[in-house]
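Presented below is the structure to which this report refers.
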Amino acid sequence: MADQLTIRRAIHGDEAALRALWVQYAPRIDAVVRRLVGDPDQAADVAQEVWIQIFRALPTYRGDSQFGTWAHRIAVNRTLNALRSLRRIGSSETAIEEDTASVEHDGDRSLLAQTIDEAVQKLSPGARAVFVLHDVEGYTHEEIASELGITAGGSKSQLFKARAKLRTLLKHLVDVPISQEPSHVAHLS
Amino acid sequence: MSHISPERLAALVDETAMPDEASHLAACAECTDELTAHRRLVRLALAEASREGPPLNDWASLGAMLKAEGIISTMPPASARTPRLQWVMRIAAGLVLVAGSALAGRWSAGIDFPSAPQQAASSSPAADSAAAPVFASPQAAMQVLTSSQQQYSDAAAYLAAQDTTSHFIGLNVNTYRARLTALDNIVASTRAALYQAPQDPVLNQYYLSAMAAREATLKQYEAALPAKQALERY
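Chains as they are written, first to last, in my numbering: chain A, 150 to 338; chain V, 1081 to 1314.
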């Protein structure tokens, strides 16, 4: 309920309300932008564009879904457009870079997540977008195909190549025998 | 059969293995371990979805962009207004409620509105006020409050488009200008207060009502201006 009031105030251009929405949702929205874009400087620029787009579209928000879900869709769409304009997403058969450099291993949960982030950044923009949208954000191949202007088959092909690449880059994390699997991994299923 | 390719193993996380692949996996520990590793990778990726991070920008830079885009309202704060208008602020808070009462009064007095919507005619405020409302919870009350505010905004917009009051109670551009000044002060003062208490329902109610009344009055003001005079400022 508080969100509805905040949103209505934000529609009227109330800075405090706009800021409250940004404070509440930026950690999640910006994380998606960061994962999709990769480069931190470019991600910051795209995130700014994303938030302007979200706030500009506020009057069209009807409350049919959670505000976060609605904003998330805009963020993904706007980020992919930005990547397209930067020519960082090409055709459906964008090659995955042959970078076999591994990443540092650290057992700490927060560093472990950063390591996955690092590994994802080693994928080509197209493969990264497909992997992040499918395996992290839960999009279907049909939705990804629609967003990226590719076929569902092309999306699958990119995804499997990306996973194979990440499996090599994250060997130290995913090779642990089941009997020695860290508890935080075991809890993820 | 030779070992299953890495990309095919990656696919088998989502897809069912073909019979020959299933036979191979049952016999080959190396490929089974690889498939397990791929499944673990996908679980790790899924866990990433809930991971948040610090915002990529600060509010100062984003706020400046939003102001430049006209998304943040740049209406001057109350303190920037002339001192002679400060007294208006003290009584202005009642104006929104008076306006609301006037609307209800006009309605209950049977004044016809041209082309009044069916939806409005079906829910008379007089009838609604016959029985005191009972709310099951604060959330239910807030829901009614929000819905009422929306109805009030819609009604104000409707009246702004079809208002006939100026013909019989003598409203003119000076009246609208005074009303706008008062409403601006309410908006500015409630907005300032909302910085300290952003969730306060009373402040939110006054703020949103004043904004709706302001928008409606602007339309009335514009309609009351001489034909060749466009509204640029008041």
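We treat Cβ as the ideally placed atom computed from N, Cα and C, and that holds for glycine.
On a predicted model such as this, the values are computed, not experimentally measured, just so you know.
For residue i, does the count of other Cβ atoms within 10 angstroms reach 16, so buried, or fall short, so exposed?
| i | result |
| --- | --- |
| Val1282 of chain V | exposed |
| Leu297 of chain A | buried |
| Glu1114 of chain V | buried |
| Thr1297 of chain V | buried |
| His283 of chain A | buried |
| Glu1132 of chain V | exposed |
| Lys314 of chain A | buried |
Taking the alpha helix (DSSP H) that residue i belongs to, which residues open and close that run?
| i | result |
| --- | --- |
| Ser234 of chain A | Phe216 to Ser234 |
| Glu164 of chain A | Glu164 to Val186 |
| Lys320 of chain A | Lys320 to Val323 |
| His1118 of chain V | Ala1109 to Glu1128 |
| Leu1305 of chain V | Careful: Leu1305 of chain V lies outside any alpha helix (DSSP H) and carries neither H nor E. |
| Asp190 of chain A | Pro189 to Arg205 |
| His290 of chain A | His290 to Leu297 |
| Pro274 of chain A | Pro274 to Phe280 |
| Ser1141 of chain V | Trp1139 to Ala1148 |
Would residue i and residue j qualify as a contact pair, given that the criterion is a beta-carbon distance under 8 Å?
| i | j | result |
| --- | --- | --- |
| Arg158 of chain A | Tyr1287 of chain V | yes |
| Arg312 of chain A | Leu1121 of chain V | yes |
| Gln202 of chain A | Arg222 of chain A | no |
| Leu1136 of chain V | Asp179 of chain A | yes |
| Gly187 of chain A | Ala1129 of chain V | no |
| Leu229 of chain A | Ala278 of chain A | yes |
| Val269 of chain A | Arg184 of chain A | yes |
| Glu1087 of chain V | Phe280 of chain A | no |
Pick out whichever of the options has its Cα sitting closest to the Cα of residue i.
| i | options | result |
| --- | --- | --- |
| Leu1263 of chain V | V:Ser1233, V:Glu1295 and V:Tyr1232 | V:Glu1295 |
| Leu170 of chain A | V:Trp1139, V:Ile1084 and V:Ala1221 | V:Trp1139 |
| Leu272 of chain A | A:Gln307, A:Ile293 and A:Tyr288 | A:Gln307 |
| Gly275 of chain A | A:Leu154, A:Ala206, A:Ser304 and A:Lys320 | A:Ser304 |
| Arg211 of chain A | A:Asp152, A:Val186 and A:Asp284 | A:Asp152 |
| Gly217 of chain A | A:Ala175, A:Glu267 and A:Lys320 | A:Ala175 |
| Ala166 of chain A | V:Met1098, V:Gln1276 and V:His1118 | V:Gln1276 |
| His1104 of chain V | V:His1118, V:Leu1089 and V:Asp1094 | V:Leu1089 |
| Arg351 of chain A | V:Ala1292, V:Leu1274, V:Thr1297 and V:Ser1227 | Nothing can be reported for residue 351 of chain A, as the shown portion of chain A is limited to 150 through 338. |
| Phe204 of chain A | V:Gln1229, V:Leu1146, V:Ala1272 and V:Ile1266 | V:Leu1146 |
| Ser1228 of chain V | V:Asn1265, V:Ala1268, V:Ser1289 and V:Ala1272 | V:Ser1289 |
| Glu267 of chain A | A:Pro189, A:Glu164 and A:Leu235 | A:Pro189 |
With a threshold of 6 Å on Cβ separation, who are the neighbours of residue i within its own chain once the five nearest residues in sequence on each side are excluded?
| i | result |
| --- | --- |
| Asp255 of chain A | For Asp255 of chain A, the predicted structure reports a pLDDT of 43, less than 50, and the residue's modelled location is therefore unreliable. A value from the coordinates is still provided. Nothing meets the Cβ criterion. |
| Arg294 of chain A | The sequence given here places Ala at residue 294 of chain A; Arg does not occur at that position. Correct list, in chain order: Thr300, Ala301 and Ser304. |
| His290 of chain A | Ala301, Ser304 and Lys305 |
| Val181 of chain A | Ala224 |
Using C-beta distances below 7 Å, list every residue in its chain close to residue i, excluding the 5 sequence neighbours before and after it, in chain order.
| i | result |
| --- | --- |
| Ala231 of chain A | Val195 and Glu198 |
| Ser1217 of chain V | none |
Excluding five sequence neighbours on each side, which residues of the same chain lie with their C-beta closer than 8 Å to the C-beta of residue i?
| i | result |
| --- | --- |
| Ser1159 of chain V | Summary for Ser1159 of chain V: the model assigns pLDDT 45, below 50, so the residue's position carries little reliability; its value from the coordinates is reported in the next sentence. Taken in chain order, the list of residues that qualify is empty. |
| Met1222 of chain V | Pro1281 |
| Ala1097 of chain V | Leu1105 |
| Gly1174 of chain V | Bear in mind that a pLDDT of 49 at Gly1174 of chain V, under 50, signals an unreliable position, so the model cannot answer this. |
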